[in-house]
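K.L.:
Top line first, the protein sequences correspond to chains P and G. Those letters in the first sequence? Residues 17 to 130, by the numbering used here. Those letters in the second sequence? Residues 235 to 347, by the numbering used here. Even for Gly, the Cβ is constructed at its ideal location relative to N, Cα and C. A quick note: this is a predicted structure, and the numbers were derived from the prediction, not measured. Take this structure, written in structure tokens, and hold onto it; I'll ask about it next.
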Amino acid sequence: DAKTTQPPSMDCAEGRAANLPCNHSTISGNEYVYWYRQIHSQGPQYIIHGLKNNETNEMASLIITEDRKSSTLILPHATLRDTAVYYCIVNRMSSGGSNYKLTFGKGTLLTVNP
Amino acid sequence: NAGVMQNPRHLVRRRGQEARLRCSPMKGHSHVYWYRQLPEEGLKFMVYLQKENIIDESGMPKERFSAEFPKEGPSILRIQQVVRGDSAAYFCASSKTREHEQYFGPGTRLTVT
Chain P
17 DAKTTQPPSM
27 DCAEGRAANL
37 PCNHSTISGN
47 EYVYWYRQIH
57 SQGPQYIIHG
67 LKNNETNEMA
77 SLIITEDRKS
87 STLILPHATL
97 RDTAVYYCIV
107 NRMSSGGSNY
117 KLTFGKGTLL
127 TVNP
Chain G
235 NAGVMQNPRH
245 LVRRRGQEAR
255 LRCSPMKGHS
265 HVYWYRQLPE
275 EGLKFMVYLQ
285 KENIIDESGM
295 PKERFSAEFP
305 KEGPSILRIQ
315 QVVRGDSAAY
325 FCASSKTREH
335 EQYFGPGTRL
345 TVT
């Protein structure tokens with residue numbers, strides 16, 4: 017799987033949009049970008065994933081650049097409960113491959129401040 | 235629709251005892267994955283099971299660890315003769331197929347004294 021690079025930490029004011037960047041310059045054509053988050057002492061929570069088109073669900077939006085070398089997870093109106101470590105993971109599993117092992121790096125600690 | 239369930243949430247064992255961790259996947263999911271998170275580290279893949287079959291156990295320590303996912307009942311991760319280094323959070327995830335996203339349970343925190 018391609019390596020990802022994320023800033024170690026970010027701050028965001030409550031009610032504002034949180035934009036979390038991820039670089040994956042070595043991503044290959046059949047690799048998807050997945051985002052998970054882990055709130056302290058809880059299990060990772062699936063947020064969203066995408067291949068090349070922008071995606072949106074009830075939790076967040078995923079913007080993938082045209083060259084697919086980077087992406088941004090957007091939480092439109094961050095709340096205190098969104099404080100967590102956010103993981104950007106590149107993986108081929110949705111392409112029918114056998115790479116079902118999720119590789120969690122250090123992620124970005126997002127702190128939402130009141 | 236209940237999520238992935240794990241029990242117990244906390245487990246304390248003395249060195250040399252056995253630890254049994256249980257995982258019930260989400261309804262409709264037949265693929266189960268176990269991950270381990272050591273203190274201050276990221277999650278590491280351990281094993282992937284589909285009903286009654288171990289598909290990939292490449293992340294499992296060679297000794298003392300085993301996993302099963304019987305036709306009926308939850309998946310079990312079993313650690314025999316636990317040592318202090320086994321103290322960690324063990325997370326189970328499930329998916330509808332191996333191509334679908336994985337959903338995680340709340341984890342079992344194992345403490346070996």
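(1) Report yes or no: is there a C-beta of chain G within less than 7 Å of the C-beta of P/PRO60?
(2) Quick one: is G/HIS265 buried, meaning 16 or more other Cβ sit within 10 Å of its Cβ, or exposed?
(3) Is the beta carbon of G/ARG298 less than 7 Å from the beta carbon of G/GLN315?
(4) How far does the beta strand (DSSP E) with P/MET26 in it reach, from first residue to last?
(5) Along the chain, where does the beta strand (DSSP E) that runs through P/VAL3 open and close?
(6) I'd like to confirm the pairing. Which residues does DSSP put opposite P/ASN35 in its beta bridges?
(7) In the DSSP assignment, the beta strand (DSSP E) including G/ARG343 goes from what residue to what residue?
(8) Name the DSSP beta bridge partners of G/PHE299, please?
(9) Within the same chain, show all residues whose beta-carbon is closer than 8 Å to that of P/ILE43, passing over the 5 residues directly before and after it, in chain order.
(10) Where DSSP assigns a beta bridge to G/ASN287, which residues make up the other side?
(11) Indicate the three-state DSSP secondary structure (helix, strand or coil) for P/LEU118 in the structure shown.
(12) What residues are listed by DSSP as bridge partners for G/GLN271?
(13) Determine, using beta carbons only, whether P/TYR116 comes closer than 7 Å to chain G.
(14) Residues in its own chain within less than 7 Å of G/SER292 by CB, not counting five upstream and five downstream?
(15) Going along the chain, which residues of its own chain have a beta-carbon closer than 6 Å to the beta-carbon of G/LEU255, five neighbours each way excluded?
(16) Give the DSSP-derived three-state secondary structure of G/ARG254 in the structure shown.
(17) Rounded to whole angstroms, what's the CA-CA distance from P/ASN69 to G/LYS278? Just pull it up for me.
(18) How many Å lie between P/GLN22 and P/CYS104 at the Cα?
(19) Indicate whether the contact test is met: 3 or more Cβ pairs, each with one atom in the region 91-104 of chain P and one in the region 49-64 of chain P, closer than 8 Å.
(20) Measuring straight from C-alpha to C-alpha, what distance separates P/GLU74 and P/MET26?
(21) Since G/LYS261 and G/LYS285 are thought to touch, with beta carbons under 8 Å apart, how far apart are those beta carbons, to the nearest angstrom?
(22) Taking G/GLN240 as part of the beta strand (DSSP E), name the residues at either end of that continuous run.
P.N.:
Checking against the coordinates, here is how it stands:
(1) Yes, P/PRO60 counts as interfacial toward chain G.
(2) That one is buried.
(3) In contact: G/ARG298 and G/GLN315 (Cβ atoms closer than 7 Å).
(4) For P/MET26, the enclosing beta strand (DSSP E) stretches over residues 25-29.
(5) Because residue 3 of chain P is not part of the residues shown, which for chain P are 17 to 130, the question remains open.
(6) According to DSSP, which records beta bridges pairwise, P/ASN35 is partnered with P/ILE90.
(7) Its beta strand (DSSP E) spans residues 342-346.
(8) Bridge partners of G/PHE299: G/ILE313.
(9) ALA18, VAL49, ARG84, LYS85, VAL106.
(10) Paired residue(s): G/GLN284.
(11) In the displayed model, P/LEU118 falls within coil according to three-state DSSP, outside both helix and strand.
(12) Paired residues: G/LEU277, G/ALA323.
(13) Chain G, which has a Cβ nearer than 7 Å to the Cβ of P/TYR116, makes this yes.
(14) In its chain, beyond the 5 residues on either side, no residue has a beta carbon closer than 7 Å to the beta carbon of G/SER292.
(15) Annotation for G/LEU255: LEU311, TYR324, THR342 place their beta carbon closer than 6 Å to its own, counting only its chain and skipping 5 residues before and after.
(16) For G/ARG254, the three-state secondary structure derived from DSSP is strand.
(17) So the alpha carbons of these two residues sit roughly 29 Å apart.
(18) In a straight line, the C-alpha of P/GLN22 is about 8 Å away from that of P/CYS104.
(19) Yes, the region 91-104 of chain P is in contact with the region 49-64 of chain P.
(20) Whole-angstrom Cα-Cα distance: 22 Å.
(21) That belief does not hold up - the Cβ atoms of G/LYS261 and G/LYS285 are roughly 14 Å apart, past 8 Å.
(22) It spans 239-241 - the beta strand (DSSP E) in which G/GLN240 sits, taken as one unbroken run.
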